[in-house]
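Presented below is the structure to which this report refers.
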């Protein structure tokens, strides 16, 4: 029998309809693990290991990094930590290629033009260097970090498939790329018997909902998971009492009108729920919008990570979700904003008058997100709460 999970982070989910990996509901974002790139912030290796330990000890198994983070130092520290803890096979490692990580080594490598981009050569250099830094012979998820607009889709998909066939990569992901390219790439892969993308990574928060126009419908159609970055608002979700008084030493500017409006809405919902941290509500909001979404939670302090794990205890009502939706004007744009309408399996009714006028139809809705507050308690959890003394 499995041990009872130490937190809800240890209640795992199947990654997506297209992938059978079992992962934690929150990913640990590792962009902040390092001290080489000052704009990303800087922490010591000891602090980084404390964050990794806290996440792992809470039941977490899903790490998100990239070859670009701190010039590869994030991967190096993760590799050292994995080796020290002896937990490589417990962990799902997601990393990325596309960026040039050797721009500071111009004397050793004066010609670096093929060390970046989506090409097969950049991909080979990226995966080989990532595996070396991570001290492993494979990664679980390998992302195209962003689209370079010049590498042909067939080149990318065949090169990625070779990595899967070699065993260096288990699953494929793509990040910050237009929906039509992802759909085209997966269709090409299906037609040619190649591995397909199973997860998309993009920005999603109560203050950044552009992903909902085309990318979320594409992900639903393709059976993709969504790794949501920026879900915490990058420090811009603040209670009224805290605005203008924070002294974090990073020169954070005052909130603009949009940030203030979202923060006000988050604060109201948080107060209704009796929750202190606005970021917990922001995480719960994103997780309520799509069944296979895995917010990326980063940060430089253990206490922030612990607070974010607490978001898994929150369930938002439909009314509260609508309140947060209404905090900022949001247009779905063409063609949905025209009489064509949006997916009735999401909205529950046919929005196109020209179709609805032909007759009323009851639609089977798409899958709904998991409500963590009402999931079945495992036998192990029940026994941990109510231990039974066994006779001999």
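Residue numbers (this note's numbering): 3 to 394. Heads up, the beta-carbon is just placed ideally off N, CA and C, and yes, glycines get one too.
Would you kindly work out how many angstroms separate the C-alpha atoms of residue i and residue j, rounded to a whole number?
i           : j           : result
residue 232 : residue 159 : 28 angstroms
residue 33  : residue 74  : 10 angstroms
residue 376 : residue 52  : 31 angstroms
residue 260 : residue 140 : 42 angstroms
residue 151 : residue 366 : 38 angstroms
residue 300 : residue 30  : 6 angstroms
residue 295 : residue 18  : 9 angstroms
residue 7   : residue 60  : 8 angstroms
residue 118 : residue 177 : 15 angstroms
residue 297 : residue 321 : 22 angstroms
residue 25  : residue 193 : 29 angstroms
residue 101 : residue 349 : 39 angstroms
residue 164 : residue 134 : 19 angstroms
residue 249 : residue 302 : With a pLDDT of 48 at residue 249, under the threshold of 50, the predicted position of this residue should be treated as unreliable, though the coordinate-derived value follows. Going by the C-alpha atoms only, they are around 15 angstroms apart.
residue 46  : residue 347 : 48 angstroms
residue 37  : residue 103 : 14 angstroms
residue 205 : residue 332 : 15 angstroms
residue 15  : residue 207 : 21 angstroms
residue 315 : residue 275 : 11 angstroms
residue 179 : residue 257 : 28 angstroms
residue 146 : residue 213 : 17 angstroms
residue 149 : residue 197 : 18 angstroms
residue 28  : residue 345 : 28 angstroms
residue 5   : residue 245 : 43 angstroms
residue 289 : residue 85  : 32 angstroms
residue 251 : residue 221 : Bear in mind that a pLDDT of 48 at residue 251, under 50, signals an unreliable position, so the model cannot answer this.
residue 54  : residue 35  : 9 angstroms
residue 13  : residue 65  : 16 angstroms
residue 9   : residue 278 : 19 angstroms
residue 338 : residue 144 : 33 angstroms
residue 211 : residue 330 : 10 angstroms
Less than 7 angstroms between CB atoms is the rule here; does residue i satisfy it with respect to chain C?
i           : result
residue 166 : Looking at the structure shown, chain C is missing, and only one protein chain is on hand.
Quick check on the burial criterion: 16 or more other C-beta atoms within 10 angstroms. Buried or exposed for residue i?
i           : result
residue 199 : buried
residue 123 : exposed
residue 169 : exposed
residue 264 : buried
residue 67  : buried
residue 1   : The chain is shown only over 3 to 394; residue 1 falls outside these bounds and no answer can be derived.
residue 40  : exposed
residue 291 : buried
residue 223 : exposed
residue 72  : buried
residue 271 : buried
residue 23  : buried
residue 324 : exposed
residue 128 : buried
residue 269 : buried
residue 363 : exposed
residue 235 : buried
residue 355 : exposed
residue 242 : exposed
residue 227 : buried
residue 209 : buried
When the distance is taken between beta carbons, is residue j closer than 7 angstroms to residue i?
i           : j           : result
residue 82  : residue 136 : no
residue 69  : residue 99  : yes
residue 142 : residue 172 : yes
residue 201 : residue 229 : yes
residue 239 : residue 285 : no
residue 326 : residue 267 : yes
residue 353 : residue 361 : no
residue 311 : residue 11  : yes
residue 120 : residue 153 : yes
residue 293 : residue 219 : no
residue 307 : residue 97  : no
residue 217 : residue 191 : no
residue 351 : residue 215 : no
residue 369 : residue 225 : no
residue 186 : residue 166 : no
residue 317 : residue 273 : no
residue 79  : residue 50  : yes
residue 313 : residue 282 : yes
Threshold first: 3 residues or longer. Then list the beta strand (DSSP E) segments lying entirely within the region 153 to 209, N to C. 171 to 177, 199 to 205
3 or more residues per run - each beta strand (DSSP E) lying fully within the region 54 to 100: 64 to 66, 94 to 99
Validate contact between the region 86 to 95 and the region 109 to 121 using beta carbons, cut 8 angstroms, 3 pairs: no
Jot down the residue ranges of each uninterrupted beta strand (DSSP E) in the region 268 to 341, minimum 3 residues, whole runs only, in chain order. 295 to 299
Enumerate, from N- to C-terminal direction, the unbroken beta strand (DSSP E) stretches of 3 or more residues contained entirely within the region 223 to 264. 227 to 231
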